[in-house]
Each structure stands twice: as structure tokens, then as C-alpha cells.
Amino acid sequence: KKYYLLNAASLLPVLALELRDGEKVLDLCAAPGGKSIALLQCAYPGYLHCNEHDSLRLRWLRQTLESFIPQPLVNVIKVSELDGREMGDAQPEMFDKVLVDAPCSNDRSWLFSSDSQKATWRISQRRNLPILQLELLRSAIKALRPGGLLVYSTCTLSKAENQDVISEILNSYTNIMPVDIKEMARTCSQDFTFAPTGQDCGLLVIPEKGKAWGPMYVAKLKKSW
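Here you go:
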């Protein structure tokens, strides 16, 4: 296929990762695959590991990669179905860059859904999501080599799933440092509307009339040792 439709705000986590040729990169929660494709537009990695635990979403991921990835790049891509919470133990300090586009309450999809039963289920799940998100981040940190970069993203406005999750990680690890990405907001200010996060390492894109991208939260961290 010739093109892949992607919410423009979804490119921000990919750009924040600053992928370079030859690096080993992990997309921990990769389905449906749009960010994996965007990563390959940015650089030629030495190795791209696309992981997705959910079997239905994994099938979607495989279809996306098969449709859009050119043959010369197939050999640098691995697809797996591992529980993301186990990746750090399975491949410790393996990756230069890790993207955790975490499962979240997905506020944007509410705009297009009239299913009240599904909405009730989502609300009941909200309180459990930060626990899962923290577990995924802890696993990602294990999988990241010292000196490597980690980007965490969601498509929710929830502070509990965004800033609070990152604050918990920063308070729990002495070797994880925030990376200032305010410059990215300045560079993209004409294209996106940003809400204050209270964090130099975090950005929050909010939809606005004429700029209907997001919501998208992005935070950038570095593993110092």
C-alpha cells in the first residue's frame, strides 16, 4: 500500500525517540503498527522488535507490517506476542531505544463511539490501567541498555495515566532521568495545541477546533546506568 493514515499527534512519540541508523529499538505495545512504520521512516535500525500481547491486535499488527514494510527491511524486524511485562526479563539491557505506547483509556475513541455499554466497561477499567502502565514501564526499563532512551505515550487526558505514572517511575528509580522535551512543543506549536503538564519531560496534545489532533501524552526518560 502507498500510505498509512495516522493521527498527526501519534508522530510525536516517534520523533521524541530520535532513532538513529543501526540502533536496536523495541516497540513494546506495537499494534496496530502505525508507530512502527513511522519509526522506519526516521532511520534504518539495526533491529526493530515489535511486540503485541493481544492475539487479535497482533494479527492486525502483522497485516500492517506486511502491507507497508518493503522487503529489504523485513530482515531487521521481529514480531512477538510476549506479555510486555515480561520483556525486561526476557531481553535485559538489549535495546538502545524503547517506545511504550501503553494501553490506556483511549479518550479519542469516545468521540466516535455511541456504545454506552462499552463506555461503562472503560470507566470500570480506568482504575486498573495505571498499574498495568507502571508494570510495562518497569519491564521496558529492564530491557533498555544504560544510556538508552525511553518514550512513554498514551492517547488519554488522564493525569493518573500520564503525569502520575511518570512521577512514580522517577521517584522509584535513581538511574532514570527526565529528558526535557519542551523544545519539541515549541517547534510544533503551529500544528498542535499543548496543555500544561507540570513536567519538563512531558507533553500533552489536546484537540482544538482547527487542530483536531490528540489527545496524546508523551514523556521522555533516560537510563543513566
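Using our numbering, read the sequence shown as starting at 1320 and increasing by one per residue.
Every residue gets a Cβ at the ideal spot worked out from N, C-alpha and C, and that includes glycine.
On a predicted model such as this, the values are computed, not experimentally measured, just so you know.
Q. Going along the chain, which unbroken runs of the alpha helix (DSSP H) with 4 or more residues stay wholly within the segment 1471–1501?
A. Correct list: 1482–1491.
Q) What separation, rounded to the nearest whole angstrom, lies between the Cα atoms of V1470 and A1538? A) The straight-line gap from Cα to Cα measures roughly 6 Å.
Q) Based on Cα-Cα distance, which residue from W1532, A1504, K1530 lies nearest to A1335? A) The option with the nearest alpha carbon to A1335 is A1504.
Q: Name the residue from R1457, K1416, V1419, A1479 whose alpha carbon lies nearest to the alpha carbon of N1447.
A: Nearest Cα to N1447 within the set R1457, K1416, V1419, A1479: A1479.
Q. Roughly how many angstroms lie between the CA atoms of E1502 and K1541, to the nearest whole one?
A. Their backbone Cα atoms lie some 17 Å apart in a straight line.
**Q.** Residue span of the beta strand (DSSP E) that contains A1538, given as start and end
**A.** Counting along the chain, the beta strand (DSSP E) containing A1538 begins and ends at 1535–1542.
Q | Straight-line gap, G1407 to W1532 (C-alpha atoms, nearest Å) | A | G1407 and W1532: Cα-Cα distance of roughly 32 Å.
Q: For V1393, count neighbouring C-beta atoms within 10 Å of its own C-beta (all shown protein chains included) and say buried if the count is 16 or more, exposed if not.
A: Answer is exposed; the Cβ neighbour count stays below 16.
(Q) Quick test of your reading: K1416 and V1344, contact by CB under 8 Å. State the CB separation rounded to the nearest angstrom. (A) Confirmed, Cβ separation roughly 4 Å.
Q. Alpha carbon to alpha carbon, how far is L1523 from C1474?
A. Here the C-alpha atom of L1523 lies approximately 9 Å from the C-alpha atom of C1474.
Q. What residue range is occupied by the uninterrupted beta strand (DSSP E) comprising I1396?
A. Segment 1396–1399, the beta strand (DSSP E) holding I1396.
Q.
Measuring straight from C-alpha to C-alpha, what distance separates L1455 and H1372?
A. Distance between the alpha carbons of L1455 and H1372: 12 Å.
Q. Whose C-beta lies closer than 7 Å to the C-beta of S1329 among residues of the same chain, with five residues either side of it excluded?
A. Closer than 7 Å at Cβ, skipping near neighbours: G1353, K1354, M1535.
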